[in-house]
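Shown next, in structure tokens, is the structure this report addresses.
Structure representation (structure tokens):
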């Protein structure tokens, strides 16, 4: 295995760039190849069969490059497609569910955990089973919160509309006594501040927000270290691909990646 | 041309069923073949190139059946893909833009018309040019209103959140003095009642809502009549296809179609 092989990262769109960014922070010497399947997004509202089909195509594309690991940045794909993906490549395939579940269990004191995500993620029940695997006495309340993605993409984070939507979605979970909330979608961390404000004013309770992007980056560093696969010291040369307009990807994705892209290439899958 | 050939109708998903329903009302003897490309929805946020590619695939599928006309129920496809579609089939291809534009011109008294739609539709500027073609002195104010689709699909029509979103989107158009509003997306007619209530209470002005589904059904009847292509009196046998889960299509689509489906078939495109 080549130390300087790249790390493949993919998502249905641009949200996975928050995961890629955390990996780049945690492992600054590693080269990332990122694929956003923007022509078919969102995955979160689609059936498991369709999501698996798209995920297999994405991984087949990434695997044309020399890789040492693949990170599934999308919660929906992580929920339903990991077994299928592990059948078609020999390198490790990491999903966001298990790292997020472990972080939630580490954070909770009451053992009452909330999970929000897109419909496909919640329907799969994968967060529940991953949490119960490490904390069998945990009580988990989950809810699909689909409007948060278009609200984020419309740039309405921080608005009164967003506050009302968050309140509508979260109040039932808070009333169940959760002290930890898993943000089970790459877009949701954008609402961290507004969620904290909501919990502080509406419900006087301290609720820990779990962002899987941070957890998976740490997990990936441990994996590469244990397998002696860290890149030699060198500046990385990331590559970014999108299946729809590269111009839109570069413009909207900038907010998720945190800086401008050198170049975004189009790929037809 | 066979009188009893079917009418092909397609959309990115289930919204186009509102158009199919109007056609079935206007032309109760005609057999419809409906395709919802639910595996790739939504189209409204995607680039023109990608939308054209998907639309060509959809029409190629529909054209395997014997057709006498194709109705593009999707505003985004109607905005960008009609020339490409007319190249690959010989039967008439009708889009929703021109009928909607003509209905808006017929309705307006002040000549000041508002248009709302998904980003791809508004970006194309097709409603503007279609309106100006029949009323060159019209003043048109348009706005992308992407959140209305997930709000409708989440079942939040009629809620306080929906009211705030509509107010945020529409107030600038009302302030421009529009007396007619084109609902440039198949999902938007679900908000008719709430829009009328908003205009009545917030802005004391009578604004006519234009729903293209009704206009295109009338247009299609005129076309078939003029070409002597109306079906012989017989009960129609509609067929419905979806590219993602047929179960979800049948469940959610029921509200748009107005009754249960005999059967929905899956097609992999």
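Residue numbers (our numbering), protein chains in the order written: chain D, 21 to 289; chain C, 21 to 289.
C-beta atoms are modelled at their ideal positions from N, C-alpha and C, and glycine is treated no differently.
If you're wondering where the values come from, they're calculated on a predicted model, not measured in any experiment.
Residue i: contacting residues in chain D (beta-carbon distance under 7 Å)
{"i": "residue 220(C)", "result": "Ordered by position in chain D, no residue passes the 7 Å Cβ test against residue 220(C), which lies about 21 Å from the chain."}
Distance, residue j Cα to residue i Cα
{"i": "residue 241(D)", "j": "residue 28(C)", "result": "53 Å"}
{"i": "residue 57(C)", "j": "residue 260(C)", "result": "11 Å"}
{"i": "residue 115(D)", "j": "residue 36(D)", "result": "12 Å"}
{"i": "residue 256(D)", "j": "residue 85(D)", "result": "15 Å"}
{"i": "residue 107(D)", "j": "residue 31(D)", "result": "19 Å"}
{"i": "residue 231(C)", "j": "residue 99(C)", "result": "16 Å"}
{"i": "residue 236(C)", "j": "residue 43(C)", "result": "8 Å"}
{"i": "residue 81(D)", "j": "residue 92(D)", "result": "14 Å"}
{"i": "residue 118(D)", "j": "residue 83(C)", "result": "46 Å"}
{"i": "residue 204(C)", "j": "residue 33(C)", "result": "15 Å"}
{"i": "residue 171(C)", "j": "residue 215(C)", "result": "14 Å"}
{"i": "residue 168(D)", "j": "residue 139(D)", "result": "12 Å"}
{"i": "residue 120(C)", "j": "residue 134(D)", "result": "46 Å"}
{"i": "residue 197(C)", "j": "residue 151(C)", "result": "17 Å"}
{"i": "residue 126(D)", "j": "residue 165(D)", "result": "24 Å"}
{"i": "residue 233(D)", "j": "residue 40(D)", "result": "8 Å"}
{"i": "residue 163(D)", "j": "residue 157(D)", "result": "20 Å"}
{"i": "residue 74(D)", "j": "residue 288(D)", "result": "12 Å"}
{"i": "residue 141(C)", "j": "residue 176(D)", "result": "21 Å"}
{"i": "residue 271(D)", "j": "residue 207(D)", "result": "16 Å"}
{"i": "residue 253(C)", "j": "residue 25(C)", "result": "13 Å"}
{"i": "residue 179(C)", "j": "residue 251(C)", "result": "43 Å"}
{"i": "residue 194(D)", "j": "residue 149(C)", "result": "50 Å"}
{"i": "residue 277(C)", "j": "residue 96(D)", "result": "29 Å"}
{"i": "residue 191(D)", "j": "residue 71(D)", "result": "30 Å"}
{"i": "residue 23(C)", "j": "residue 50(C)", "result": "9 Å"}
{"i": "residue 87(C)", "j": "residue 109(C)", "result": "10 Å"}
{"i": "residue 274(D)", "j": "residue 173(D)", "result": "12 Å"}
{"i": "residue 89(C)", "j": "residue 226(C)", "result": "36 Å"}
First through last residue of the beta strand (DSSP E) which encompasses residue i
{"i": "residue 166(C)", "result": "Run containing residue 166(C): none; DSSP gives neither H nor E here."}
{"i": "residue 200(D)", "result": "200 to 204"}
{"i": "residue 259(C)", "result": "259 to 262"}
{"i": "residue 117(C)", "result": "Where residue 117(C) is concerned, there is no enclosing beta strand (DSSP E), although the alpha helix (DSSP H) it sits in stretches over 117 to 127."}
Amino acids of chain C, ordered along the chain, whose beta-carbon sits closer than 7 Å to that of residue i
{"i": "residue 264(D)", "result": "66, 67, 70"}
Residue closest to residue i, alpha-carbon to alpha-carbon, out of the options
{"i": "residue 239(C)", "options": "142(C), 22(C), 33(C), 46(C)", "result": "46(C)"}
{"i": "residue 265(C)", "options": "55(C), 39(C), 105(C)", "result": "55(C)"}
{"i": "residue 52(D)", "options": "268(D), 258(D), 270(D)", "result": "258(D)"}
{"i": "residue 159(C)", "options": "142(C), 185(C), 281(C), 128(C)", "result": "128(C)"}
{"i": "residue 8(C)", "options": "268(C), 287(C), 88(C), 288(C)", "result": "Residue 8(C) lies beyond the stretch modelled for chain C, which goes from 21 to 289, so this question has no answer here."}
{"i": "residue 66(D)", "options": "143(D), 136(D), 24(D)", "result": "143(D)"}
{"i": "residue 154(D)", "options": "122(D), 141(D), 176(D)", "result": "122(D)"}
{"i": "residue 182(C)", "options": "193(C), 211(C), 202(C), 156(C)", "result": "211(C)"}
{"i": "residue 94(D)", "options": "70(D), 112(D), 62(D), 49(D)", "result": "62(D)"}
{"i": "residue 113(D)", "options": "202(D), 174(D), 244(D)", "result": "244(D)"}
{"i": "residue 60(C)", "options": "147(C), 263(C), 145(C)", "result": "263(C)"}
{"i": "residue 104(D)", "options": "87(D), 89(D), 68(D), 88(D)", "result": "68(D)"}
{"i": "residue 38(D)", "options": "284(D), 227(D), 209(D)", "result": "209(D)"}
{"i": "residue 131(C)", "options": "184(C), 173(C), 201(C), 110(C)", "result": "201(C)"}
{"i": "residue 101(D)", "options": "88(D), 228(D), 77(D), 89(D)", "result": "77(D)"}
{"i": "residue 64(C)", "options": "188(C), 173(C), 137(C)", "result": "137(C)"}
{"i": "residue 185(D)", "options": "218(D), 283(D), 145(D)", "result": "218(D)"}
Under 8 Å from the C-beta of residue i: neighbouring residues of chain C
{"i": "residue 60(D)", "result": "59, 60"}
{"i": "residue 268(D)", "result": "67"}
Continuous alpha helix (DSSP H) stretch holding residue i: start and end
{"i": "residue 236(C)", "result": "232 to 246"}
{"i": "residue 271(D)", "result": "266 to 277"}
{"i": "residue 37(C)", "result": "37 to 46"}
{"i": "residue 88(C)", "result": "Unbroken run through residue 88(C) is the beta strand (DSSP E), 87 to 92; no alpha helix (DSSP H)."}
{"i": "residue 75(D)", "result": "68 to 82"}
{"i": "residue 108(D)", "result": "102 to 108"}
{"i": "residue 135(D)", "result": "It is not in any alpha helix (DSSP H) - residue 135(D) instead sits in the beta strand (DSSP E) that spans 132 to 137."}
{"i": "residue 185(C)", "result": "180 to 195"}
Under 9 Å from the C-beta of residue i: neighbouring residues of chain C
{"i": "residue 181(D)", "result": "167, 181, 184, 185, 188"}
Proximal chain D residues relative to residue i, where beta-carbon distance stays under 8 Å
{"i": "residue 171(C)", "result": "167"}
{"i": "residue 174(C)", "result": "166, 167"}
For residue i, the residue or residues it bridges with in DSSP
{"i": "residue 286(C)", "result": "262(C)"}
{"i": "residue 143(C)", "result": "DSSP lists no partner for residue 143(C)."}
{"i": "residue 26(C)", "result": "87(C)"}
{"i": "residue 31(D)", "result": "56(D)"}
{"i": "residue 228(C)", "result": "200(C)"}
{"i": "residue 113(C)", "result": "90(C)"}
{"i": "residue 160(C)", "result": "133(C)"}
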